[in-house]
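Protein chains in written order, with the numbering used here: chain V, 2 to 663; chain E, 128 to 273; chain W, 178 to 306; chain D, 3 to 350; chain Z, 403 to 667. We put the CB at the ideal spot given by N, CA and C, even for glycine.
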Amino acid sequence: MQRIGVFVCHCGSNIAATVDVKKVVEMAALEPGVVHAEDYQYMCSEAGQSLIAKAIQEKQLTGLVVCSCSPRMHETTFRKAAERAGLNPYMVEIANIREHCSWIHKDMEEATRKAVILARAAIAKVNLNTPLQPGESRVTKRALVIGGGIAGIQTALDIADAGYEVDIVEKTPSIGGRMSQLDKTFPTLDCSACILTPKMVEAAAHERIRIYTYSEVEKVSGFVGDFTVDIRKKARSVDMDKCTGCGVCQEKCPSKKTPSEFNRGLNNRSAIYTPFAQAIPNVPVIDREHCIKFQTGKCGVCAKVCQAGAIDYEQKDEIVTEKYGAIVVATGFDTIKLDQYDEYAYSQSKDVITSLELERIMNAAGPTKGHLERLSDGKPPKEMVFIQCVGSRCADERGKSYCSKICCMYTAKHAMLIRDKYPDVNVTVFYIDVRTPGKNFDEFYRRAVEQYGVNYIKGQVGKVIPQPDGKLLVQGVDLLDNRRIMKEADMVVLATAIEPNPDVRKIATMLTASIDTNNFLTEAHAKLRPVESPTAGIFLSGVCQGPKDIPETVAQAGAAAVKAIGLLAKEKLTTNPCTAKSDELLCNGCSVCANVCPYGAITYEERQVNDHGIREVRRLAVVNSALCQGCGACTVACPSGAMDLQGFSNRQIIAEVDAICR
Amino acid sequence: MPMKDEFKPKIVAFCCNWCSYAGADLAGSSRLTYPADVKIIRVPCSCRVNPMFILRAFEKGADGVILCGCHPGDCHYSTGNYYARRRMTLLFSMLDYLGVENGRTRVEWVSAAEGVKFSQTMNEFVEKIHSLGKNVRLEDLRCRKE
Amino acid sequence: MNREKKQAELITEISGVNPLKCMKCGKCSASCPSFEEMDIKPHQFVSYVANENIEALVNSKSLWKCLSCFACVERCPRDVKPGKLIDAARQLVIRQRGQEYLSPDEIPALLDPELPQQLLVSAFRRYRR
Amino acid sequence: MQEGMKNGCAGAPAVLLERISTLLAEGTVARVLGWKAGDMAYNPEPAYFETQEALKDFVYDGFCGANLSKYMIEASKLEGKTLVCLKPCDTYSFNQLLKEHRVDREKAYIIGVGCGGKLDVEQIRRKGIKGIQSIDGAQLVWEESDPGTELKGIGDDVLTIRTIYGEKTLPYGEALLERCHVCKGKEHRVYDELIGQSRDTKDADRFAQVERIEAMSPEEKFAFFQQELSKCIRCNACRNVCPACSCRKCVFDSNKFDSSQKANADSFEEKMFHIIRAFHVAGRCTDCGECSRVCPQGIPLHLFNRKFIKDINELYGTYQAGENAEDKMPLTSFDFGDAEPGIVGERG
Amino acid sequence: MKYSYYPGCTLRTKAKALDVYARESARLLGFELEEIENWQCCGGVYPLGNDEIATKLSSVRALNEAKEKGQELVTLCSACHHVIKRVNDDMRNVEDIRQRANNYMQLSEPYAGETNVLHYLEVLRDRVGFEAIKEKVVNPLKGKKIGAYYGCLLLRPGRIMAFDNPENPTIMEEFIRAIGAEPVIYPYRNECCGGYISLKEKELACSMCEKIMDSAAGFGADLLITACPLCLYNLNAGGNGRLPVVYFTELLAEALGVKKEAGNQ
């Protein structure tokens, strides 16, 4: 018989205001096996934990039930406390009387009744608990960073500087990401390339960083500390070792009609290309879809002009398999497609552009060499209109429900830069709300208005009406004085909502990392574990977790690196002892369990057993506890009940069911 | 005024640790209410739920049993919920075949981010059980307290 | 419960619109072709209903200026659909008071030889019970 | 055909008996698993034969419905090969056991025996024929041609039944086991050699009974099963005969679920037992119908298994357990686009 | 191929042209419009009140008749199309409306939105195909610059009408290309013509129609086409006469060379 102690937490008033904790203590004390029950203000506090330790020792407790917040919050805390007091940590169960009770029920009597039942269920379970010993698994001292934008680069640099090997896998031909497409950055107006390029170079030169560009993660298996990852290195058609990056091939390439991804399709690139001048590695790739040689078999100009003989039309995709201890996701974002927002005439006029396109136009290396001009006729604009919240903050399926967070600031930046460089251009911003939380952010926005004379009008635009003369009539309303605005503009810039990179779904599935309804990766805890995925060993860096600006991204990238370093620094990981185990006397050896095991953790062996005097050789299931992750699929597939899950055994769950239905 | 003989259904909710239990936690921290009749049992994955558990609950007097897990494709263990989906579909079909109202059992996929969905689902389910009334068909009568 | 509160509830019920979803962006007003003709502007319909200021709303000439062109319904980012609110307010007037914006006596003067049937039918639906 | 078997039993076709006898004599097999006469004409029972001498009791006639494949679990542990006679439907069970590593193919010498439909004495009794002394017409008549050829239909075959009240007759087709009316086919799925011919007995839709129940109102369904299951005495005959129910120890006999029960204490328990039993064999049950055949209370237990089979066929694609020893079983596989459990309510 | 056909009140009176050209062209293109028996007027506007049932019943009746015949239901007039498609969406998705409408109707089998509603243009695009039409054109309207006037009712609300992109539609432009002319895209093609307001507020409707005409003319159109009798009326009455306005079916018949046959009817 167990000797169980029950500890009921008030959680200040979080629990005690709706649950009569004294009553819970009183009722719990009547349950079989319970020899001690008490309540306390904050059970998770040091004082609360020492109460528990004291009771364990004084009452020789063999099991604990803590009635408190969610086990996802403090199960570990209490298990560690029990361990320090000499009790096996797996003899502790939590009754969640906060998230599942006090916070959602209003009636005290009802909530108390439920709390008592939840306590009973936990007590019934602990009565059947057995001490479990965690195993150990090794840690591969290498990290994988998926995505080579500023988030991925920063994370990789921090991990590498701490002394660990890091691989970056980047889908495009160069690292750099979205930041490399930006012209200036708010709120200090630094040149984006000036601050990013050194980091790119540093990453490329770092002795502990390997960069796989033009590559994608293909398959992930394993678990925290011991992931095995297949990386597909797409055929570049250029030998990385031979290429000198002279650029002659790009110059001579006769196929120059492919819209440049880097310049957002505003101009064209050659079929053999590097996305931009500072690309790292400075080795071009052949876009086979647009290459004349690959499409027709005739051409081969690049191979002819290449002095280094680096062009290799025969190159094939290559799969590299690597082991990693930790994986950081830094897949970033893209802007949404605007075909559902054609009231803004994006597809009808070349002079309606997205903010990211404006970045390229403003950039000296961009399609207009940094001159602000209309893409339709190359004329400089006199009137510019910015429309905010295009596709953000939407309740319908056309857009995104969230605020994209960066648009208010970059719009102020654009407005300011234009007014600064072209003082004769009038700039009008249509906004719903201006959101500028951040250091020096509101000051920045106010400067745009007060110092640079940017005209902010409150009210979302209804329609952009292209005029026969090429002007754009912006139909809006000034909500503050109920006035219709019909503004004639030369260019309209849409602050287009951002969304997670569409590939992230596929990656999340491979990593079994959860994703929210907007395709942002979910963090383990919204406040306390913001850079970790709930899946152990997976960390989140940058916009893949939620909209962020550059400083926030860099901060989070560093935080993700620290978490990954914390993992890599460990020699061994303790493994979850809640794994499946087969009862050899009941096992039929039928293989049904192995058929459903996602980890290949079940094998079979012929072994002699002694079944109540009958000695015979039987085919028996054996669980590899290092591979088993404890899902329990096998336990239900097993018809004889031989397979059971430690910590969530059949009898334990049935005891909980019985206690709840009692 | 005290309500006489007010039906207080017993409802067991099995929630997978990674998505639905976290979704229930989120419902809690967002203060999204649902009736206290629902009691949650934490399991590692929806595929841990044995039909035996569900029948046992009914045997012991439960009026409804709901199983919540990660959305298909999002299982923490990759594939657990796919097995659970087949198992529960067949089990529910069998219960229906035996004349048990099929509203008493339900499977819902609730992610860690879907606190709202969790609370909505529970509210709907409790309402459904109210409309079906006390479960007398499956119960082991000895378990009933009179 | 006072009369206006009741009417406000009736309007939300008939329209199926939840005024609380509005984020006051003004896109409805920015889209409305009749904006200049209206005394109460489309984006204000929502707050009139939310604040139970129904008397003013039902007496507004905006009720008869809305074209039911659904531009506001289509473009509303919050799925509020101000057009449905104004339609419900119009229903309230037509149904409850027996007030009609169009009387059969007026019609002969309004007709011309090309006028399609459809115009009369829809005007009748809009303006009369 | 042999004459003079005890109790008026029909014996076995000579061609089969001769071949078995030879194989035993040659030492190809160490023993024979077949049937021997019971105490009455209509209840031959499974039996081992280890000598040629013993084979005089060997029977294979219309009443040999018993599926011998399950016995091969134990036989696989014995020294030497066991010759086993399997009817076409029995081979499905054998395959399934093979898939689950419960029988050893190397230890089995399978003679696929022809089947012309097996008889059910309960059907005879149900026709009001009581006090049965002996039955004529259950013996098998195999032509001297290839085992592959199919015999003509049951046609006018008639059983002549001597009872204490005099002689009665009954068309053969009216005395068949339920499972023979919905026969899966006369093809043996696994064998070493085939002896004897089969004939087609299928004259009913396999799922008609299930469909009839599905069409009932919940109240009618409940009443139907309540009525049937209340007869259950938990004798475990169904479990013991079922080739899929071959656990070393049944969950209902172990303490793994706190579910150990011997006899029904309340109406729920037999439901729980039968639902779980059907669930445990779902996707593995070959629909051999042994459960219903042996139930002393006449409960149509196959209706549970067949419901699962029908659902599996409809939801996950047609599947026949035991058709081969390789296919993935429906409950240990899945499809990304599988129906949601809510479909149960939607189908009405 | 046979379709159930709901002409609507105006196509029997003032907009006969819209109807006859459509039928004649259909014959040539190999489909038939089978008029619904005893159809009743759709009411001209979709009743926006959630609680209105009676005003939706005439649409349900037509929809149900098409269902019983196992045909898709084709409409021509934008208003009829709008009303019937939306009522059908209600019958499909709004349980309360479905239940109450069925209670009124007492049909042998309840109607739950089974019928597919198509606009004549959708038939041309999705069933016949513009490529196939192009092949049948005998008098391509070469050199004609045509502005498509969509109005509101065909396009909005986009999610329910599912006719085309409500802010950047292409179906009429594709149609114009198919009959050999050149489409002119202008921003007012999906702005309202004033609709029924023209009965009592002529000036307001006029100012709207003028904007539409000016915009289309500004972008070089020399002709407007429409599918709606009320749009046609408003544009002609209030649109300062800058551009002629015709039904799209008239041009179709002309291009297919059956205009005369239709005219004789």
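Measure the CB-CB distance between residue i and residue j and report whether it falls below 7 Å.
i	j	result
alanine 309 of chain V	lysine 235 of chain V	no
cysteine 102 of chain V	lysine 115 of chain V	yes
lysine 536 of chain Z	alanine 583 of chain Z	no
glycine 597 of chain Z	glutamine 295 of chain W	no
Here's the rule I'm using: 16 or more other beta-carbon atoms within 10 Å means buried, otherwise exposed. How should residue i be labelled?
i	result
proline 178 of chain E	buried
aspartate 122 of chain D	buried
methionine 403 of chain Z	exposed
phenylalanine 134 of chain E	exposed
methionine 128 of chain E	Note that methionine 128 of chain E has pLDDT 39, beneath the 50 cutoff, so the model's placement of it is unreliable and no number is given.
isoleucine 16 of chain V	buried
glycine 114 of chain D	buried
threonine 651 of chain Z	buried
Suppose you measure from the CA of residue i to the CA of residue j; what does that come to, to the nearest Å?
i	j	result
cysteine 205 of chain W	serine 224 of chain W	13 Å
valine 34 of chain D	tyrosine 50 of chain D	5 Å
methionine 130 of chain E	glutamate 111 of chain V	Legend: pLDDT at methionine 130 of chain E = 47, less than 50; position of this residue unreliable, no value from coordinates given.
leucine 430 of chain Z	valine 586 of chain Z	27 Å
aspartate 335 of chain V	valine 505 of chain V	11 Å
leucine 672 of chain Z	leucine 287 of chain W	Examination of residue 672 of chain Z is not possible in this model, given that chain Z is present from 403 through 667 alone.
methionine 644 of chain V	cysteine 12 of chain V	39 Å
cysteine 126 of chain V	serine 71 of chain D	One point to set straight first is that residue 126 of chain V is lysine, not cysteine, in the sequence displayed. If you take the alpha carbons of lysine 126 of chain V and serine 71 of chain D, they lie about 42 Å apart.
glycine 659 of chain Z	glycine 339 of chain D	50 Å
valine 165 of chain E	lysine 244 of chain E	15 Å
glutamate 5 of chain D	serine 136 of chain D	Residue confidence is low: glutamate 5 of chain D scores 43 on pLDDT, short of 50, so the model does not pin down where it sits. Its coordinate-derived value is still stated next. Rounded to the nearest angstrom, the two C-alpha atoms are 14 Å apart.
cysteine 662 of chain V	asparagine 195 of chain W	40 Å
methionine 215 of chain E	isoleucine 22 of chain D	47 Å
isoleucine 566 of chain V	aspartate 168 of chain V	14 Å
alanine 503 of chain Z	asparagine 638 of chain Z	38 Å
For residue i, go through chain V and note every residue whose CB falls closer than 8 Å to its CB, in chain order.
i	result
phenylalanine 621 of chain Z	Pro469
isoleucine 587 of chain Z	Gln349
What in chain W is Cβ-close to residue i, meaning under 9 Å?
i	result
alanine 602 of chain V	Per Cβ cutoff of 9 Å: no residues; alanine 602 of chain V is ~48 Å from chain W at best.
Run through chain W and tell me which residues come within less than 8 Å of residue i, C-beta to C-beta.
i	result
threonine 477 of chain Z	Within 8 Å Cβ-Cβ: nothing; threonine 477 of chain Z doesn't reach chain W, min ~12 Å.
isoleucine 433 of chain V	Met200, Lys201, Cys202, Gly203
Show which residues of chain D have a CB atom less than 8 Å away from the CB atom of residue i.
i	result
cysteine 591 of chain V	Glu102, His103, Arg104
glutamate 617 of chain V	Lys79
Consider the Cβ of residue i: report whether some Cβ of chain C lies at a distance smaller than 7 Å.
i	result
threonine 216 of chain E	No chain C appears in the structure shown, which is made up of the protein chains V, E, W, D and Z.
List the residues of chain E whose Cβ lies closer than 8 Å to the Cβ of residue i, in chain order.
i	result
lysine 367 of chain D	Any answer about residue 367 of chain D is impossible in this case: the structure gives chain D only from 3 up to 350.
Thinking residue i and residue j are a contact (beta carbons under 8 Å), I'd like their distance in whole angstroms, please.
i	j	result
threonine 198 of chain V	glutamine 279 of chain V	5 Å
valine 1 of chain V	threonine 156 of chain V	It is not possible to answer for residue 1 of chain V, since the shown part of chain V is limited to 2 through 663.
Interface residues of chain E around residue i at Cβ under 9 Å?
i	result
asparagine 651 of chain V	Asn177, Met179, Phe180
Under 7 Å between beta-carbons, which chain E residues line up against residue i? List them in chain order, please.
i	result
proline 343 of chain D	Arg212, Met215, Thr216, Phe219, Val234
arginine 99 of chain V	Gly155
What does residue i reach in chain Z if we use C-beta pairs closer than 9 Å?
i	result
serine 181 of chain V	None at all; the shortest Cβ gap to chain Z is about 32 Å.
Who are the neighbours of residue i on chain D, taking C-beta pairs under 9 Å?
i	result
serine 641 of chain V	Cys249, Arg250, Lys251, Cys252, Val253, Ser256, Lys258, His282
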